[in-house]
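Numbering (our numbering), first residue to last: 4 to 101. Don't be surprised by glycine CBs; every beta carbon is placed ideally from N, CA and C. Input: a single structure, listed below in structure tokens.
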């Protein structure tokens with residue numbers, strides 16, 4: 004009897020956790036990207052990811068979110084780093100990506 008009770012409690016906890024996780028995915032706000040990096044040298048996806056990661060590391064310090072806040076010096080430094088690696092930040096036509 005005791006093992007059944009423990010299994011029931013664990014099962015209920017697992018179900019509740021799963022519901023919370025799924026609920027978070029469903030209610031999460033997704034915002035379409037408005038800009039993208041375009042390479043002047045037609046770099047591969049692998050190279051872009053490596054360049055992007057390197058620029059984030061070089062400019063972020065301890066708070067990587069500041070790199071993506073356009074009002075911070077970290078963002079300006081990140082853009083300069085990506086530009087220096089041959090990328091240009093261009094507006095994305097969100098309607099055409101749907």
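- For residue 62, the secondary structure class from DSSP, reduced to helix, strand or coil, is helix.
- Rounded to the nearest whole angstrom, the C-alpha separation of residue 64 and residue 91 is 23 Å.
- In this structure, DSSP gives residue 43 a state outside helix and strand, which the three-state scheme calls coil.
- Counting every other CB atom within 10 Å of its CB across the protein chains shown gives residue 62 a total of 16 or more, marking it as buried.
- The alpha-carbon of residue 59 is positioned some 13 Å away from that of residue 76.
- Scanning its chain for C-beta atoms nearer than 6 Å, with the 5 sequence neighbours on each side dropped, one finds around residue 43 the residues 89, in chain order.
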